[in-house]
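Residue 0 is where the sequence shown starts when you use numbering that gives the first Met the number 0, and the numbers rise one by one after that.
A short write-up of the structure that comes next.
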Amino acid sequence: MKDICPKGYGLIGRTAAEGKSADELATDLNFLRRIWESIQEKAKGSRAPAILHQELGIIFRVIRDLHSHNLKKVIVDDEFIYKRLEQFLKEYLPEEGCEVVYFDEKDPIFEVYGIEMEVAKLLQRKIWLKSGGYIVLDYTEALTVIDVNTGRYLGKKDLEDTILRTNLEAVKEIAYQIRLRNIGGIIIVDFIDMERKESRETVFQSLMDTLKKDRIKTFAYPISELGLVQLTRKRTRHNVVNLLTETCPNCEGSSYVKSRYTVCYEVLRELRSACRKGEGRIFNIYLSVDVANLLYEEEKISLEQIESTYGTKVNLIANPNFAIDKFQIEGML
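Here it is in structure tokens:
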């Protein structure tokens, strides 16, 4: 850090800087210097009280946090955010060469790029593997348990090889799901039992190699004869499943449903898509009371922006008999 520290400055390296290259640290330093210079310029021409700097919005924080991961392209379906993001990158991260693309197709951006499918997988307990096997994820207060299963039987002759192939395929999916769901704390992985010691070592080494790609530190204990691996992963913020869901009001804790926020943003995405496709000038949205209240209050500006952008009128019709994740959009010309 001494090599990149400008004259007259002092640098503090937090734990997130561990293992970063000099180029990555220099990029982050340049980003912070530009913010500081912007604050100084605003201070010169401002009279108190005045806001000189405020925390970035969620989209800009994500770009800031990902800029060291060779970010090449950002695709945006909102014209206002697209213009702001272009300006942000030019002003604070000009050396990154990141391209900002405006998405104006009729189909929803999450559907076109397969994100809706990945979000749906986030809420699934069972995840299928290409080989026909599957993994099952269960959450408890103390730990997360991931179970690997073959899903089919190929006979004694091929059984050990089938188990090894399934476990190796599961390793990649498990590492992906841990990152995707942001699972932290104690994680127990129950691989399919392997008779040969070399098979267990192969699976464990593959797991270790895959976990190295995770920017959050994860420690693994050696695989046992029963195929169990204990992992500990640093907790950072909330588990994504907890963010997308809430306790089921019917069973009060033995299961979960989509949260009102998750459903609210699904409604907004589908409404925006319907407007682009010209499915109506007036839209009636039938939905649960909780989601309707959220759209009337916290997300009122989002609705007004859609109405203004597409010249439409949106009517929210709350139905007390609707489950929280149920809604219907009707367009009228």
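Note that CB positions come from ideal geometry on N, CA and C, so glycine has one too.
Model, not experiment: these values are computed from the prediction.
Comparing C-alpha positions only, which one of Ile186, Ala317, Leu142, Gly277 sits nearest to threonine 308? By 1-based counting over the sequence shown, the position of residue 308 is 309. Nearest C-alpha to threonine 308: Gly277.
Start and end of the alpha helix (DSSP H) containing threonine 261? On the sequence shown, position 262 is the one that residue 261 refers to. Boundaries of the alpha helix (DSSP H) harbouring threonine 261: 259-275, taken from the DSSP string.
Buried or exposed by the 16-neighbour rule on C-beta atoms within 10 Å, applied to serine 272: Within the sequence shown, the letter at position 273 stands for residue 272. Around the beta carbon of serine 272, 16 or more other beta carbons lie within 10 angstroms, which makes this residue buried.
Taking C-beta to C-beta, are phenylalanine 326 and valine 256 nearer than 9 Å? Along the sequence shown, read from residue 1 onward, the residue named residue 326 stands at position 327. Along the sequence shown, read from residue 1 onward, the residue named residue 256 stands at position 257. Against a cut-off of 9 Å, the Cβ pair of valine 256 and phenylalanine 326 comes out as no contact.
In or out: glutamate 199 buried (at least 16 other Cβ within 10 Å) or exposed? If you number the sequence shown from 1, residue 199 lands on position 200. According to the sequence displayed, residue 199 carries arginine and not glutamate. With 16 or more other Cβ atoms within 10 Å, it is buried.
Considering only their Cβ atoms, is the gap separating leucine 332 from arginine 268 smaller than 9 Å? Here residue 268 refers to the residue found at position 269 of the sequence shown. Here residue 332 refers to the residue found at position 333 of the sequence shown. Leucine 332 sits away from arginine 268, with the two beta carbons spaced by 9 Å or more.
Could you work out which residue in Ile182, Ile187, Met116 is closest to valine 147 when comparing CA atoms only? Taking the first residue of the sequence shown as position 1, residue 147 is located at position 148. Selected option, being the one with the closest Cα: Ile187.
Delimiting residues of the alpha helix (DSSP H) encompassing aspartate 22: In the sequence shown, counting from the first residue as 1, residue 22 sits at position 23. Counting along the chain, the alpha helix (DSSP H) containing aspartate 22 begins and ends at 21-43.
Beta-carbon within less than 7 Å of lysine 41's beta-carbon, same chain only, minus the 5 sequence neighbours each way: which residues are those? For the purposes of this step, residue 41 is taken as residue 42 along the sequence shown, with counting starting at 1. Only Leu51 meet the Cβ criterion.
Span of the alpha helix (DSSP H), counted from its first residue to its last, around leucine 88: By one-based count along the sequence shown, residue 88 stands at place 89. Following the DSSP letters along the chain, one finds leucine 88 inside the alpha helix (DSSP H) bounded by residues 78-91.
To the nearest angstrom, report how far apart glycine 12 and lysine 89 are at their CA atoms. Start at 1 with the first residue of the sequence shown, and residue 12 comes out as number 13. Start at 1 with the first residue of the sequence shown, and residue 89 comes out as number 90. C-alpha separation (whole angstroms): 26 Å.
Within 10 angstroms of the Cβ of leucine 243, are there 16 or more other Cβ atoms? Answer buried if so, exposed if not. Indexing the sequence shown from 1 puts residue 243 at position 244. With 16 or more Cβ atoms within 10 Å of its Cβ, leucine 243 is classed as buried.
Going along the chain, which residues of its own chain have a beta-carbon closer than 6 Å to the beta-carbon of asparagine 314, five neighbours each way excluded? Working through the sequence shown from its first residue, we reach residue 314 at position 315. Here the set comprises Asn283.
For a quick check, are the C-beta atoms of isoleucine 343 and threonine 217 less than 9 Å apart? Outside the modelled stretch of the chain, which goes from 0 to 332, sits residue 343, for which no answer is possible.
Cβ neighbour criterion (16 or more within 10 Å) applied to glycine 132: Sequence index remark: in the sequence shown, residue 132 carries index 133 (1-based). In summary, glycine 132 is buried, with 16 or more beta-carbon neighbours lying within 10 Å of its beta-carbon over all protein chains present.
Going by beta carbon distance, what residues of the same chain come within less than 7 Å of proline 319, once the five residues before and after it are set aside? For the purposes of this step, residue 319 is identified with residue 320 of the sequence shown, where counting begins at 1. So the list reads Val288, once near-sequence residues are dropped.
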